[in-house]
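Enquirer:
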Amino acid sequence: MTGLVVLDVFISLVFIFLLYSLFAMTIIETITSAFSSRAKNLITGIDRLLADDQQSNRINHTVLNLFWVKTDNPLTKAFYKHPSIKYLGHKGINSKPSYIAKERFAGTLFDLLKQGSYLDEVDNISATLGMIQEYDSSELVSRIKSTEEDLKALEQSAEPDKLTMESLKEELAFLKKEHFERNNKDHPWEIEGFSLGEETKYQLKLLWKNAANDKAKFRALMENWYEDQMDRVAGWYKRKLTFLTFIIGLAIACTFNVDTIRLTTDLSKNEDMRTLLVESAKTHLAENPEGGTTSSFDAQRKYLDSLNITLSSYNDVLGASKAEDYTFWTFLGWLITAFAISLGAPFWFDLLNKLMKVRNSVQIPVNTASASASTESTNTNVVG
160 MTGLVVLDVF ISLVFIFLLY SLFAMTIIET ITSAFSSRAK NLITGIDRLL
210 ADDQQSNRIN HTVLNLFWVK TDNPLTKAFY KHPSIKYLGH KGINSKPSYI
260 AKERFAGTLF DLLKQGSYLD EVDNISATLG MIQEYDSSEL VSRIKSTEED
310 LKALEQSAEP DKLTMESLKE ELAFLKKEHF ERNNKDHPWE IEGFSLGEET
360 KYQLKLLWKN AANDKAKFRA LMENWYEDQM DRVAGWYKRK LTFLTFIIGL
410 AIACTFNVDT IRLTTDLSKN EDMRTLLVES AKTHLAENPE GGTTSSFDAQ
460 RKYLDSLNIT LSSYNDVLGA SKAEDYTFWT FLGWLITAFA ISLGAPFWFD
510 LLNKLMKVRN SVQIPVNTAS ASASTESTNT NVVG
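The opening residue of the sequence shown carries number 160 in this note's numbering; numbering runs sequentially from there.
1) What does the alpha-carbon distance come out to for the pair L201 and S257?
2) Buried or exposed for N550, going by 16 or more other Cβ atoms inside 10 Å?
3) Let me know the secondary structure DSSP gives G204 once reduced to three states.
4) Assuming S501 and T423 make a contact with CB atoms under 8 Å, what is their CB distance in whole Å?
5) For my contact list, F226 and F194 are in at a C-beta cut-off of 8 Å; report their separation, rounded to the angstrom.
6) Can you grab the Cα-Cα spacing for the pair G356 / W367, in whole Å?
7) Less than 7 Å between C-beta atoms, sequence neighbours within five positions excluded: which residues of the same chain meet that for K376?
8) A332: which of T306, F498, L444, E430 sits nearest, CA to CA?
9) Could you confirm whether any beta carbon from chain C is found closer than 7 Å to the beta carbon of F405?
10) Starting from the Cα of D373, find the closest Cα among T486, L247, V281 and give me that residue.
11) Give me the Cα-Cα distance between L470 and M432, rounded to the nearest whole angstrom.
12) Measure the alpha-carbon distance for C413 versus T496 and round it to whole angstroms.
13) Roughly how many angstroms lie between the CA atoms of L172 and F487, to the nearest whole one?
14) Between the C-alpha atoms of N283 and Q274, what's the straight-line distance to the nearest angstrom?
15) A412 lies in the alpha helix (DSSP H); which residues open and close that run?
16) Excluding the 5 residues flanking D212 on each side, which residues of the same chain have their C-beta closer than 8 Å to its C-beta?
17) For I259, which three-state DSSP category applies?
18) Near M515, which residues of its chain fall below 8 Å by C-beta distance, leaving aside the five closest residues on each side in sequence?
19) Can you check which of these residues, G266, S427, Y361, F176, is closest to T404 by C-alpha distance?
20) I need the straight-line Cα distance from K360 to L288, nearest angstrom please.
21) Excluding sequence positions up to five away, which residues of its chain have a Cβ less than 6 Å from the Cβ of V437?
22) Determine the direct distance from the alpha carbon of A286 to that of Y179, and round the result to whole angstroms.
23) Throw me the rounded Cβ distance for the E386 and K261 pair, which I believe falls under 8 Å.
24) Can you tell which of I186, L163, V165, V164 has the C-alpha that lies nearest to the C-alpha of A504?
25) So T549 and I244 are in contact, right, with Cβ under 8 Å, and what is the actual spacing, rounded?
26) Where A393 and L181 are concerned, what is the direct C-alpha to C-alpha distance, given to the nearest angstrom?
27) So, under 8 Å CB-CB, F238 and I205 are touching, yes? Tell me the CB distance rounded to an integer number of Å.
28) Counting only the same chain and skipping the five closest in sequence on each side, list residues whose C-beta sits under 6 Å from that of L409.
29) For K441, which three-state DSSP category applies?
30) Can the beta-carbon of K240 be found less than 7 Å from the beta-carbon of N224?
31) Use the C-beta contact count for T235: other C-beta atoms within 10 angstroms, 16 or more gives buried, fewer gives exposed.
32) For F508, tell me which candidate among L491, S520, N447 has the shortest Cα-Cα distance.
33) Should A312 go down as buried or exposed, given a rule of 16 or more other Cβ atoms within 10 Å for buried?
34) Which one of R197, K304, S520 has the shortest CA to CA distance from R559?
35) Once the 5 residues before and after G492 are set aside, which same chain residues still bring their CB inside 7 Å of it?
36) What number of angstroms, rounded off, separates the C-alpha of V601 from the C-alpha of G248?
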């Protein structure tokens with residue numbers, strides 16, 4: 160094969176991979192949207208932040224997380240029950256948000272950590288993180304009871320001291336008010352079984368120490384902590400999607416018999432087939448200058464069907480015809496196709512653009528040479 164033939168075969172294969180990658184991308188976007196896969200992946204990421212290793216479900220870190228998620232961590236459950244998170248998602252089965260800003264994450268977690276019987280938020284956070292003892296309300300109850308008994312005894316005395324009575328009444332009112340405030344804080348949501356794992360508590364304690372009990376700095380540190388985790392979460396989602404794309408690609412390859420090895424052989428022998436695919440690639444690039452975008456599922460399917468019909472006389476290069484016998488090489492060809500599809504449409508679009516530029520550049524000298532040869536031939540004939 161000449162260099163241009165090899166290039167055309169390569170361009171044809173890349174164009175086929177691009178079409179089926181777009182088709183697979185459309186299917187995957189439909190699936191992930193239906194199952195709220197991004198929201199499930201986000202839950203996994205937040206649970207990894209807020210849960211100890213033994214509390215984190217390992218299945219959440221597989222491709223199954225695109226369809227299902229589970230967490231038994233009390234802190235993660237309390238986080239998603241908080242009104243600032245709960246109402247980000249829509250009602251229904253898949254009601255969790257697919258995106259949470261770092262400010263909202265830090266604000267919500269801060270609000271959970273500051274809950275407690277202390278009147279000061281700093282003390283409550285320190286108590287929640289185990290840096291000081293939890294407030295013991297029994298001491299306050301005991302003081303109220305003792306003050307009530309003293310006041311009652313004074314009232315029953317023969318000559319009660321009015322000044323002392325007023326002082327005891329004021330003290331009793333203050334103690335009761337404090338008891339009420341500590342036990343009747345505004346909790347618009349339920350925090351049942353709220354607790355921190357030891358590893359999570361240690362991490363939050365480090366942030367609290369680094370903030371030097373400064374609430375604003377503590378929130379900023381939690382924002383950075385969350386932002387770092389979200390970079391990893393994005394990577395998890397990409398890997399899960401790549402694996403799912405490979406599975407979808409393999410299903411497409413088997414269903415439509417898109418055998419890369421057979422296609423390469425057919426393309427190398429059939430000039431009309433190569434020409435048709437190269438011209439189709441040019442048209443596709445002209446009509447889709449941005450590339451990497453997916454049209455509707457039906458639109459992609461119609462485009463592939465129309466190309467299959469056009470290529471029916473050339474062994475249906477996109478796999479419409481079935482091989483008579485499936486061999487090891489057939490399955491290997493399917494696997495190569497599936498791997499190619501898993502690389503994604505943007506990859507193949509960029510490669511196709513570069514290959515077409517190379518093809519256009521190598522054709523210029525060929526045409527020039529042909530024109531020169533034709534001119535020389537004409538001149539020779541005239542002289543003759």
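The beta-carbon is built from N, C-alpha and C at its ideal position, and this holds for glycine as well.
Expert: In short, the structure shows the following:
1) 6 Å
2) Any answer about residue 550 is impossible in this case: the structure gives the chain only from 160 up to 543.
3) Here G204 carries a helix assignment [DSSP, helix/strand/coil].
4) Actually they do not touch by this definition, with Cβ atoms about 19 Å apart.
5) 5 Å
6) 16 Å
7) A370
8) T306
9) The structure shown contains no chain C; it is built from a single protein chain.
10) Comparing Cα positions, the closest option is V281.
11) Note that L470 has pLDDT 47, beneath the 50 cutoff, so the model's placement of it is unreliable and the number below is only indicative. Roughly 7 Å separates the two Cα atoms.
12) For C413 and T496, the distance between alpha carbons rounds to 10 Å.
13) 21 Å
14) 6 Å
15) 374 to 415
16) Same-chain partners within the cutoff: E358.
17) coil
18) I170, A440, K441, L444
19) T404 has its Cα closest to that of F176, out of G266, S427, Y361, F176.
20) 6 Å
21) D167, I170
22) 57 Å
23) Right, the Cβ-Cβ distance comes to about 5 Å (below 8 Å), so this counts as a contact.
24) Ranked by Cα distance from A504, the first of I186, L163, V165, V164 is I186.
25) Since the first residue of the chain shown is 160 and the last is 543, residue 549 is not available in this structure.
26) 21 Å
27) With 8 Å as the limit, F238 and I205 qualify as a contact, their Cβ atoms being about 7 Å apart.
28) A497
29) helix
30) no
31) buried
32) N447
33) exposed
34) Coverage of the chain is limited to positions 160 through 543, which leaves residue 559 absent and any answer about it impossible.
35) D418, T419, I420, R421
36) Lying outside 160 to 543, the shown extent of the chain, residue 601 is not represented and no answer is given.
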